[in-house]
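Notes for the one structure printed next.
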Amino acid sequence: MISQDDLDIVSEFLVRFYHQEPDYFEATIRALQVLKDRHQYKWELAAAFRKVLESSLPEDTLRDLVLFSANRFVQNHEDAKAVLKRIYDDNILYTAVDFDDLKD
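Quick note, in the working numbering, the sequence shown goes up one by one and the last residue is 91.
Rendered as C-alpha cells:
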C-alpha cells in the first residue's frame, strides 16, 4: 500500500532533479551521478516509484505530482504515469538492490 512518505520521496526526487531542468537527458545525467553511490537511497526511491506507479490514486494525484514537482505539463493521469515511468526507466531504478535484505 502506498503511503504519503512514498509520494514525498518521489516528489522530492522530481523537484531536486527535474523541476528546474527542462531537458530530460540533463536531469537524468545529474540524477544518475548522485544515485550511483547511494544504494540505499536508490532502493528506497525505486520502491516508492513502483508503489506510486502501481497504486490506484485519486485522479489528480499523479497529474499534480508531475505538474508541480517535475514541472512537466501533463493533462491527465495517463500522461503523468507515462512521465513517471520514463523517469523510472531512464534512471534505471529497476536495477536497485536492497543490500540490507542480502545481509540476512
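Just so you know, even glycine gets a beta-carbon here, dropped at the ideal spot from N, CA and C.
As the crow flies, the alpha-carbon of D51 is around 27 Å from that of Q20. The shortest CA-to-CA distance from I(-4) to any of R59, K29, E41, P9 is the one to K29. Rounded to whole angstroms, D77 and A14 show a C-alpha spacing of 10 Å. For I(-4), the enclosing alpha helix (DSSP H) has its first and last residue at -9 to 4.
C-alpha of V2 to C-alpha of E46: approximately 21 Å in a straight line.
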